[in-house]
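Enquirer: Sharing a structure here in structure tokens format.
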Amino acid sequence: MAIGVDIEDISRFVDKSPEFLDRVFTDLELEYCMKYSKPESHLAARFCAKEAVIKALTALDIKNVALCEIEVFHNENKCPQIRILKNLDKKIAFQLSLSHDRTKAIAFVTAEEQ
Numbered sequence: 039m040a041i042g043v044d045i046e047d048i049s050r051f052v053d054k055s056p057e058f059l060d061r062v063f064t065d066l067e068l069e070y071c072m073k074y075s076k077p078e079s080h081l082a083a084r085f086c087a088k089e090a091v092i093k094a095l096t097a098l099d100i101k102n103v104a105l106c107e108i109e110v111f112h113n114e115n116k117c118p119q120i121r122i123l124k125n126l127d128k129k130i131a132f133q134l135s136l137s138h139d140r141t142k143a144i145a146f147v148t149a150e151e152q
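The opening residue of the sequence shown carries number 39 in the working numbering; numbering runs sequentially from there.
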């Protein structure tokens, strides 16, 4: 099992360019975040999740997964989940926790080979 964690200032995600958003986030993620009056909190949390996933995958010797190939979505219980949008050589199970307050967002990820 491998872990990854990341924390970001939410203010970094205010008024990001459409080019940045399209390069980092999937359409599903942008649709979810933009429905809120302050999408920057949700964007920051998802960015943290993507960075944490990359750290965990690197610990499992899986490299070359881009931010836009990692998608955060919610399952039927409205719990955040990770989906990798490219074919990996290994099957990986992820657990994800997201949180944010007024100024910071954080994500914690575990990744385990199946």
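Ideal Cβ positions, reconstructed from N, Cα and C, are used throughout, including at glycine.
Hey, Leu136 and Ala94: beta-carbon distance below 8 Å or not?
Expert: No; because the gap between Cβ atoms is not below 8 Å, this pair is not in contact.
Enquirer: Expressed to the nearest angstrom, what Euclidean distance is found between the alpha-carbon atoms of Ile48 and Lys54?
Expert: Looking at the two C-alpha atoms, the distance is approximately 11 Å.
Enquirer: Please report the straight-line C-alpha distance between Lys124 and Thr141, rounded to a whole angstrom.
Expert: Approximately 32 Å, taken between the alpha carbons.
Enquirer: Report the residue from Ala131, Leu98, Ala87 whose alpha carbon sits nearest the alpha carbon of Val43.
Expert: The candidate whose alpha carbon is nearest that of Val43 is Ala87.
Enquirer: Are the beta-carbon atoms belonging to Glu78 and Phe51 less than 8 Å from one another?
Expert: In contact: Glu78 and Phe51 (Cβ atoms closer than 8 Å).
Enquirer: Can you list, in chain order, the residues of its chain with a C-beta nearer than 8 Å to that of Arg61? Leave out the 5 residues immediately preceding and following it.
Expert: The answer, listed in chain order, is Leu105, Cys106.
Enquirer: With C-beta atoms as the reference, is Glu114 less than 8 Å away from Ala131?
Expert: Going by C-beta atoms, Glu114 is not nearer than 8 Å to Ala131.
Enquirer: Rounding to the nearest angstrom, what Cα-Cα distance links Leu68 and Lys116 in this structure?
Expert: So the two alpha carbons sit approximately 17 Å from each other.
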